[in-house]
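In the numbering used here, the protein residues as written are 40 to 178.
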């Protein structure tokens, strides 16, 4: 978390100031349902900068995966999978929302999470730390 604090000013300068659009839904391997966030150059630049800061600080980021901005909505965990008899989310539950525009938001926080650890009580990845981003331009 110290690495993020040290880079806070730099990150705040590069955080996208435009609204990001939430449009459509998708899934990861049929087990995680997400709302898609439309990507843009500014967001990709910010993510690249963040990955570089974390890499220099000694954090392992999964550079092999293509960056897919999203908001997780639902996940099939083991206990639910056992109860319903499948580990996949039924596409009929979200099919009508594939191209729906849900709204917009401004990126204002980032959470550094350890995805290899056990989840927190709320089911979210273990949060190592977070940083509230305030762009000096938006003040």
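We put the CB at the ideal spot given by N, CA and C, even for glycine.
Burial state of residue i (16 or more Cβ within 10 Å)
i           : result
residue 137 : exposed
residue 96  : exposed
residue 186 : Shown here, the chain extends from 40 to 178; a query on residue 186 therefore has no answer.
residue 133 : buried
residue 73  : buried
Reduced DSSP category for residue i - H, G, I as helix; E, B as strand; rest coil
i           : result
residue 122 : helix
residue 99  : coil
residue 49  : helix
residue 83  : helix
residue 137 : coil
Distance between residue j and residue i (C-alpha atoms, nearest Å)
i           : j           : result
residue 178 : residue 148 : At residue 178, the pLDDT of 45 sits below 50, so the modelled position is not reliable; the number obtained from the coordinates is stated separately. About 16 Å.
residue 120 : residue 49  : 43 Å
residue 160 : residue 166 : 11 Å
residue 75  : residue 65  : 7 Å
residue 131 : residue 44  : 43 Å
residue 67  : residue 46  : 31 Å
residue 117 : residue 123 : 10 Å
residue 52  : residue 169 : 17 Å
Selection from the options that minimises the alpha carbon distance to residue i
i           : options               : result
residue 144 : 109, 126, 165 and 113 : 109
residue 82  : 154, 170 and 146      : 146
residue 84  : 70, 69 and 54         : 54
residue 142 : 51, 62 and 79         : 62
residue 100 : 60, 151, 58 and 115   : 151
Alpha helix (DSSP H) segment containing residue i, residue limits
i          : result
residue 44 : 41-45
Proximity test, residue i beta-carbon vs the ligand SAH heavy atom, cut-off 7 Å
i           : result
residue 136 : Of ligands this structure carries none, so the ligand SAH is not represented either.
Run of the beta strand (DSSP E) containing residue i, from where it starts to where it stops
i           : result
residue 168 : 165-171
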